[in-house]
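Structure first, then comments.
Number of protein chains: 2
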Amino acid sequence: MGVVQGYDKYAFEPFAVTVDLAVLTVRSGALQVLLVERGQEPYAGRWALPGGFVRPDESAEDAALRELAEETGLTDVSGLHLEQLGTYSDPGRDPRMRVVSVAFAALLPDPPEPQGGGDAAQARWVPYDSAGPLAFDHDRMLADAHRRLGAELEHTCVAAAFCPPEFTLGELQQVYETVWGTTLDRPNFRRKVLATPDFVAPVPGAARLTGGRGKPAALYRSGGATALHPPLLRPATEGRSR
Amino acid sequence: MGVVQGYDKYAFEPFAVTVDLAVLTVRSGALQVLLVERGQEPYAGRWALPGGFVRPDESAEDAALRELAEETGLTDVSGLHLEQLGTYSDPGRDPRMRVVSVAFAALLPDPPEPQGGGDAAQARWVPYDSAGPLAFDHDRMLADAHRRLGAELEHTCVAAAFCPPEFTLGELQQVYETVWGTTLDRPNFRRKVLATPDFVAPVPGAARLTGGRGKPAALYRSGGATALHPPLLRPATEGRSR
DNA sequence: TCAAAAGTGTTTAGAATACACCCATGG
DNA sequence: CCATGGGTGTATTCTAAACACTTTTGA
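Residue numbers (my numbering), protein chains in the order written: chain A, 1 to 242; chain B, 243 to 484.
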């Protein structure tokens with residue numbers, strides 16, 4: 001109910017509330033995650049997701065944006081995709097006290113090199129597959145972020161949030177292939193994307209060479225659509241029903 | 243990062259952490275939600291989602307299950323679908339102090355009449371459309387629960403969680419129609435459900451009259467599948483891309 | 001015998017798939 | 001002129017949608 005009996009703020013065992021961010025990007029064809037190395041106990045020297053305390057005057061979303069700016073130097077939030085993943089609240093998840101953490105997933109198009117600041121010894125982009133084991137329950141958070149992201153690619157247009165402002169359809173396709181770990185048929189992918197209104201919008205006349213070789217590819221911008229209907233389903237695998 | 247500088251638990255402005263539950267059910271063809279009437283200020287006399295404090299030794303999920311049992315008398319959790327919706331953390335969402343609330347969506351198949359207990363003046367099932375305006379930011383939570391639920395029906399098998407242990411395909415279809423606010427073609431719905439492995443399992447020989455009239459319908463149980471692949475998409479409406 | 005609800009069949013349109021093929025560019 | 005990546009066309013297969021029809025029950 002959100003009811004506090006009485007008004008004594010200190011009547012209860014205090015909870016600390018933090019945010020943790022699974023900041024993901026696609027670089028050189030690989031899914032990468034932003035990690036920081038912890039400088040203090042517990043888990044000193046272990047890698048962890050960036051994050052920090054929610055301040056008394058800000059929401060969890062505000063705190064996540066602030067921490068993101070602090071840890072990555074990213075202050076230009078245009079085109080950034082930030083999304084609440086879930087809240088992790090196991091009583092024993094921090095050995096010192098009761099810490100409830102709101103996890104966020106963030107997607108960056110063209111990430112800056114991070115500088116380790118604050119209580120982090122260093123910060124680095126790490127390939128998703130070689131990340132971990134991480135401090136606290138951050139392995140679970142990261143896995144949840146990946147699973148959620150993969151599902152969202154199917155029925156939203158977030159993939160464009162992984163791409164620079166102007167991108168080729170090949171780059172967009174690589175996002176799908178990287179996150180899903182599959183390959184897609186290029187002609188069909190192309191048709192599907194172009195047939196979805198406002199998924200992408202062509203940049204007239206513009207073209208760019210991608211691999212140094214080959215025909216220059218037309219450039220597109222994000223078209224503003226968020227929903228992808230009908231969805232773009234990943235190829236069925238054994239683990240799923242049907 | 244989840245790092246506490248030092249170990250003074252009282253060094254920070256304390257946060258209270260609560261859970262709130264959007265408990266939904268389908269009764270007599272209408273989507274209903276469990277509400278409680280608040281007995282105290284603020285919002286005394288207003289309706290709100292049930293919920294309460296997370297205790298020091300339990301996770302938010304544990305707290306949600308406990309509150310659900312306390313408010314509805316539901317202790318048999320078999321077949322219950324409980325799912326974290328998100329965390330609501332606006333600094334001003336509770337006028338007295340900083341309260342961060344983890345919202346859950348819960349689905350009940352055949353709900354008992356609730357008894358108002360604890361600090362609630364009374365508890366009642368209320369049709370979804372006539373719920374609100376609610377206390378705090380509970381209108382938003384409820385709307386988010388509805389939206390999330392509608393989306394989940396498309397690619398999961400949660401609809402069975404709305405139905406009693408043995409149900410007819412007509413009842414299952416009514417869940418979809420009620421939550422989506424649409425009508426579906428019965429033959430096509432039937433084919434789709436039966437073609438999905440382990441969505442439902444027939445109860446051999448059993449049948450039941452539904453509307454007092456008509457041919458008795460065969461009974462099914464939930465088949466254990468969680469994913470629905472390919473999805474069962476709701477009819478496209480104007481508001482969506484494509 | 002009629003209304004109501006379950007269940008079956010069939011036709012058609014659309015979407016996804018799997019290819020084969022052509023185009024432009026750098027080496 | 002070949003390798004590389006972009007872009008187009010098309011036949012096939014699968015799915016979804018629409019709707020006519022039969023079956024079984026209570027009144």
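C-beta: ideal position from N, C-alpha, C; glycine also.
Neighbour flag for residue i against chain A, beta carbons, 9 Å
| i | result |
| --- | --- |
| B/Glu-312 | no |
| B/Arg-484 | In this prediction, B/Arg-484 scores a pLDDT of 31, lower than 50, which makes its location untrustworthy; no coordinate-derived value is stated. |
| B/Ala-408 | As written in the sequence, residue 408 of chain B is Glu, which differs from the Ala given in the question. So, not an interface residue. |
| B/His-471 | yes |
| B/Phe-431 | no |
| B/Ser-464 | no |
| B/His-397 | yes |
| B/Ala-348 | no |
| B/Pro-256 | yes |
| B/Asp-299 | yes |
| B/Arg-450 | no |
| B/Glu-303 | yes |
| B/Arg-340 | yes |
| B/Tyr-249 | Its pLDDT being 44, under 50, B/Tyr-249 is placed unreliably by the model, and the measurement read from it follows with that caveat. By this cut-off, B/Tyr-249 is an interface position. |
| B/Val-442 | no |
| B/Val-400 | no |
Own chain, CB closer than 6 Å to residue i, minus 5 neighbours either side, in chain order
| i | result |
| --- | --- |
| B/Pro-284 | Pro-337 |
| B/Ser-464 | Ala-402 |
| A/His-229 | none |
| A/Val-26 | Phe-162, Val-175, Thr-178 |
| B/Gly-453 | none |
Which listed residue (the options) has its alpha carbon closest to that of residue i
| i | options | result |
| --- | --- | --- |
| A/Arg-98 | B/Glu-300, B/Arg-308, B/Leu-273 | B/Glu-300 |
| A/Asp-110 | A/Pro-231, A/Pro-165, A/Ala-207 | A/Pro-165 |
| A/Leu-232 | A/Leu-184, A/Arg-208, A/Gly-211 | A/Leu-184 |
| B/Val-296 | B/Gly-287, B/Ala-286, B/Arg-308 | B/Arg-308 |
| B/Leu-266 | B/Ala-377, B/Pro-354, B/Ala-469 | B/Pro-354 |
| A/Val-17 | A/Pro-127, A/Val-36, A/Ala-64, A/Ala-161 | A/Ala-64 |
| B/Gly-212 | B/Glu-419, B/Ala-347, B/Gly-315 | With chain B running from 243 to 484 in the structure shown, residue 212 of chain B is simply not present. |
| B/Lys-372 | B/Leu-273, B/Gln-364, B/Ala-365 | A small correction: the amino acid at residue 372 of chain B is Ser; Lys does not occupy that position in the sequence shown. When only C-alpha atoms are compared, the closest one is B/Leu-273. |
| B/Ala-220 | B/Gly-315, B/Leu-350, B/Phe-257, B/Arg-335 | As displayed, chain B neither begins before 243 nor continues past 484, which places residue 220 of chain B out of reach and without an answer. |
| B/Asp-440 | B/Gly-447, B/Gly-466, B/Gly-456, B/Gly-454 | B/Gly-466 |
| B/Leu-411 | B/Thr-424, B/Arg-433, B/Ala-393, B/Gly-423 | B/Arg-433 |
| A/Leu-209 | A/Phe-167, A/Leu-194, A/Glu-152, A/Val-200 | A/Phe-167 |
DSSP-derived helix/strand/coil call for residue i
| i | result |
| --- | --- |
| A/Phe-189 | helix |
| A/Thr-18 | strand |
| A/Gly-130 | What sits at residue 130 of chain A in the sequence shown is Ser, not Gly. In this structure, A/Ser-130 counts as helix in the three-state DSSP scheme. |
| A/Arg-242 | The predicted position of A/Arg-242 is uncertain, since its pLDDT is 31 and thus under 50; a value taken from the coordinates is nonetheless stated next. Three-state DSSP puts A/Arg-242 in coil, outside helix and strand. |
| B/Gln-416 | helix |
| B/Ala-467 | coil |
| B/Thr-267 | strand |
| A/Glu-321 | A question about residue 321 of chain A goes unanswered here, because the residues of chain A that appear run from 1 up to 242. |
| A/Arg-140 | helix |
| A/Val-200 | strand |
| A/Leu-232 | coil |
| B/Val-341 | strand |
| A/Leu-169 | helix |
| A/Met-1 | Per-residue confidence for A/Met-1 stands at a pLDDT of 43, beneath the threshold of 50, marking its modelled position as unreliable; the derived number appears in the next sentence. It is coil, neither helix nor strand. |
Cutoff 9 Å: residue i Cβ touching any chain B Cβ
| i | result |
| --- | --- |
| A/Leu-184 | no |
| A/Ser-89 | yes |
| A/Val-3 | Reliability of the predicted coordinates at A/Val-3 is poor, the pLDDT of 41 falling under 50, and no value is obtained from them. |
| A/Gln-84 | yes |
| A/Arg-140 | no |
| A/Val-54 | yes |
| A/Leu-169 | no |
| A/Val-23 | no |
Close beta carbons around residue i, own chain, < 7 Å, minus the five adjacent residues each side
| i | result |
| --- | --- |
| A/Pro-202 | Ala-218, Tyr-220 |
| A/Tyr-88 | Ser-101, Ala-103, Asp-137, Met-141 |
| A/Gln-173 | Leu-184, Arg-186, Phe-189 |
| B/Ala-449 | Pro-458, Ala-459, Ala-460, Leu-461 |
| A/Glu-243 | Any answer about residue 243 of chain A is impossible in this case: the structure gives chain A only from 1 up to 242. |
Residue i CB to nearest heavy atom of the ligand HEM below 8 Å
| i | result |
| --- | --- |
| B/Gln-415 | Looking at this structure, you won't find the ligand HEM or any other ligand, since it has none at all. |
Cutoff 8 Å; reference residue i; Cβ partners in own chain excluding five residues on either side
| i | result |
| --- | --- |
| B/Ala-469 | His-397, Thr-398, Cys-399 |
| A/Arg-46 | Glu-37, Arg-38, Pro-133, Leu-134, Ala-135 |
| A/Gly-150 | Val-179, Trp-180, Arg-234 |
Q | chain A contacts made by the stretch 268-286 of chain B, where a contact means CB separation under 8 Å | A | Val-278, Arg-280, Gln-282
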